[in-house]
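Colleague:
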Amino acid sequence: MQPITPIAGTVCLPGHDAPCNEQPIRQPNLESWALSLLDRLPQNQPLNLCGWSLGGMVALKAASLAPQRIQRVAVIGSGIVFARQGAFLEGAGPEAMSEFEAGCADPARLLKRFLALATWGMGRTEGKAIGGQVLPQPGDNMPTPDVLRAGLEILQNADLTPVASKIRAPVLVIHGMRDRVCHPELGKALAGVLARTTEVSFTLHGQAGHAPHWSHPGWVAETLRSFQLASGVD
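Taking the numbering used here, I'd label the letters of the sequence shown as residues 6 to 239.
#1: Quick check on the DSSP output: the beta strand (DSSP E) that includes Q73 runs from which residue to which?
#2: What is the rounded straight-line gap between the Cα of G108 and the Cα of C55?
#3: Taking the alpha helix (DSSP H) that L40 falls in, what are its first and last residues?
#4: Buried or exposed, going by whether 16 or more other CB atoms sit within 10 Å of the CB of G128?
#5: Can you check whether the CB of S41 is closer than 7 Å to the CB of G61?
#6: Please confirm whether any heavy atom of the ligand SAH lies closer than 6 Å to the CB of G20.
#7: Please tell me whether T208 and I179 are closer than 7 Å, where the distance is taken between their beta carbons.
#8: Return the bridge partner residues of V168 from the DSSP annotation.
#9: How about D184 and H215: do their beta carbons lie closer than 7 Å?
#10: Go through its chain and collect everything with a Cβ distance to R45's Cβ below 6 Å, but skip five positions before and after it.
#11: Less than 7 Å separating the beta-carbons of L157 and F105?
#12: Expressed to the nearest angstrom, what Euclidean distance is found between the alpha-carbon atoms of W219 and I81?
#13: In whole angstroms, what is the alpha-carbon distance linking S103 and A97?
#14: Can you tell me which of the three DSSP states S58 falls into?
#15: If you compare alpha carbons, which of G91, A88, A174 and T130 is closest to A67?
#16: Is the beta carbon of A64 closer than 7 Å to that of L229?
#17: Does the structure place the stretch 117-128 close enough to the stretch 221-228 that three or more beta carbon pairs sit under 8 Å?
#18: Are the CB atoms of L35 and I159 within a distance shorter than 7 Å?
#19: Just the Cα atoms here: how many angstroms apart are I85 and S69?
#20: So H215 is in the beta strand (DSSP E); what residue range does that whole segment cover?
#21: Looking at the strands, I want to know which residues DSSP matches up with N53.
#22: Alpha helix (DSSP H) containing L195: first to last residue?
#23: Do W38 and P19 have their C-beta atoms within less than 7 Å of each other?
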């Protein structure tokens, strides 16, 4: 299958992958991570962003900060918030957030737990195969506890409601009905807020969890392709 659109590259979150050759950003907030993303992307061409989970929230923040550079955004498994706040009762509660925070002390164990949640609903064999591909292997670099805590702090405080009003690019929100990390209602709420100011599509897969691109890659690829064609942007 040919790429949906030319790929400029994969940009990891600060401190999450050694090949990025960067130090983690000191300020654990959505804006600083979004600015880091924009700094590492091509400056002289319109960009299509696709982000997963926290990465999707960072991509949307980037689109709000540099609307002239971003022509469309797709997010997978991202919500209007992550942690429970305000009217968004489907967000992760204090107990869940405390468990995640405690888990930051042991990155390998936390990543395994996150993988188990992300692949919930997949068959055991399929889940193990995914784990073998995405979990760090002996000798691989892993996010440090401080990096994981920084990401968790962003998730604790992030609310995309004010961000959404500044986005002008078309947005695709992809979610899985079986998502155990970010409730699908939070993805639906994100799409609803975005629809006030821009073109938005919300697509829900009934059998997918937090990582539809792992469990149903063909469906995700076709959804992204259809979004590109429908948005009418080259």
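Using N, Cα and C, we set each Cβ at its ideal position, and we do this for glycine too.
Modeller: Result, derived from the coordinates:
#1: Where Q73 is concerned, there is no enclosing beta strand (DSSP E), given that its DSSP letter is neither H nor E.
#2: 27 Å
#3: L35 to D44
#4: exposed
#5: no
#6: As presented, the structure is devoid of all ligands, the ligand SAH included, so that no description of it is given.
#7: yes
#8: Its beta-bridge partners do not exist; DSSP assigns none.
#9: yes
#10: V16
#11: yes
#12: 11 Å
#13: 10 Å
#14: coil
#15: A174
#16: no
#17: no
#18: yes
#19: 14 Å
#20: Neither: H215 is in no beta strand (DSSP E) and is coded neither H nor E.
#21: R77
#22: P189 to L199
#23: yes
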